[in-house]
Every structure is written in C-alpha cells, then in structure tokens.
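Student: Sending over a structure as structure tokens; questions will come in a sec.
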Amino acid sequence: MGTWDVGSFDNDAAADFAGELDEAVEGERAELVRAALRAVLAEDGYLDGDFGERAVAAAALVAAYCPGGEPVNPVYGPRRPVPGLGGELPALAAAALDRVVAAGSELAELWDESGEGERWRGRIAALRAVLAADPRRGGA
C-alpha cells in the first residue's frame, strides 16, 4: 500500500486521482469524482484498495465544498478547482464511504492490519459526518 498517512490524499492512488483531475477539462472534473464514487458502489464483490482510496479522495473533495468541510491538502490533492460537487454528490459520497469501511474492502483490511485502522476510520467518520450534515444533500 503506497500510503504515508490517513489523510484522504495521503496515498499513491489518491495522488494519481488528483493528477487526473488537474489534467481534465474543468467541466469534466465533477464527472470524474462521480465516477470514482460510483465505482465502489457498483462493486458487489471484494473491493480493491485502489478503488477505495480513489473514492475516499473523491468524498473528501465533495466534503470540502460542504458547510463545515475541510479544504483539501494542496500538496497531494488537486491544484485546480473542481466545480459542480453539490446535488446528489454528498449522498453518493457518504454511501461510497460506507462501502469503503464495510466488510469485503481491501482498504479497510489493510488499515486494520497496519494497526492504524481506528485512526483511519475516525478520519472517514469525520468526512461522512460533514457529508451527512450538508443541507444541500440530495438522494443517492
């Protein structure tokens, strides 16, 4: 696992995702976020860790645009703005985070095996709380 801390962009897959967002045309960035979230929700079987890491990063971006959300780390996160992250995306992001921490998620298993699972889950819970409290939140 190319990971250096529990932050949403503190791993290789999320940093690569940030690069993809920066390279994309502005009007396509929100769709890349949506696709990362939907990818984990579409997976019925074992969830690959890279998909989980990308979904956590996407959820962090959505949460950053919600009231009470933290700005994304500019060192590893995207450097260009990602407009259009309202609407149904907070609900979609919350559901994706639920899938990432559930049984059958490689990312959750790796964090638990590392001994940092509780700290990582705390970070995910904080993101989810911001997403759930967003008054703009629509149905998933």
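When the letters of the sequence shown are read in order and numbered with numbering that gives the first Met the number 0, they come out as residues 0 to 139. C-beta atoms are modelled at their ideal positions from N, C-alpha and C, and glycine is treated no differently.
(1) According to DSSP, simplified to helix, strand and coil, what is L46?
(2) Would you report the Cα separation of Y75 and L60, rounded to the nearest angstrom?
(3) Less than 8 Å between the C-beta atoms of V55 and I123, yes or no?
(4) Can you give the Cα-Cα distance for L126 and E27, rounded to whole angstroms?
(5) Who are the near neighbours of R120 in its chain, counting only those whose CB is closer than 7 Å to its CB and skipping five residues on each side?
(6) How close, in whole Å, do the beta carbons of A58 and A92 come, if the pair is a contact with beta carbons under 8 Å?
(7) In this structure, does DSSP put L126 in helix, strand or coil?
(8) Can you grab the Cα-Cα spacing for the pair R110 / L96, in whole Å?
(9) Going by the beta-carbon positions, is the gap between R53 and A12 smaller than 8 Å?
(10) For A87, tell me which candidate among R118, A14, F8, A34 has the shortest Cα-Cα distance.
(11) Please state if the CB of R78 and the CB of D21 are separated by a distance shorter than 8 Å.
(12) Quick one: which unbroken beta strand (DSSP E) runs of 3-plus residues sit fully inside the stretch 76 to 105? Chain order, please.
(13) Give every residue of the same chain whose Cβ lies closer than 6 Å to the Cβ of F50, excluding the five residues on either side of it in the sequence, and list them in chain order.
Tutor: Straight from the coordinates:
(1) Along the sequence shown, one-based indexing puts residue 46 at 47. The answer is strand: DSSP assigns L46 an E or B state.
(2) Translated into positions along the sequence shown, residue 75 becomes position 76. Translated into positions along the sequence shown, residue 60 becomes position 61. Looking at the two C-alpha atoms, the distance is approximately 12 Å.
(3) As a position in the sequence shown, residue 55 is number 56, starting the count at 1. As a position in the sequence shown, residue 123 is number 124, starting the count at 1. Their beta carbons are under 8 Å apart, which means V55 touches I123 by this criterion.
(4) Mapped onto the sequence shown, residue 126 falls at position 127. Mapped onto the sequence shown, residue 27 falls at position 28. Whole-angstrom Cα-Cα distance: 23 Å.
(5) If you number the sequence shown from 1, residue 120 lands on position 121. Hits under 7 Å: V100.
(6) Within the sequence shown, residue 58 is the residue found at index 59, counting from 1. Within the sequence shown, residue 92 is the residue found at index 93, counting from 1. Yes, A58 and A92 are in contact; Cβ-Cβ is about 4 Å, under 8 Å.
(7) Here residue 126 is taken as the residue at index 127 of the sequence shown, counted from 1. Reduced to three states, the DSSP call for L126 is helix.
(8) Within the sequence shown, the letter at position 111 stands for residue 110. Within the sequence shown, the letter at position 97 stands for residue 96. According to the sequence displayed, residue 110 carries Trp and not Arg. Cα to Cα, the separation comes out at about 14 Å.
(9) Along the sequence shown, read from residue 1 onward, the residue named residue 53 stands at position 54. Along the sequence shown, read from residue 1 onward, the residue named residue 12 stands at position 13. Yes, the pair counts as a contact, with Cβ atoms nearer than the cut-off.
(10) For this step, residue 87 is matched to residue 88 along the sequence shown. What sits at residue 87 in the sequence shown is Glu, not Ala. The shortest C-alpha separation from E87 is found at A34.
(11) Translated into the one-based positions of the sequence shown, residue 21 becomes position 22. Translated into the one-based positions of the sequence shown, residue 78 becomes position 79. Contact flag set, yes.
(12) none
(13) One-based indexing of the sequence shown puts residue 50 at position 51. Here the set comprises A38, V39.
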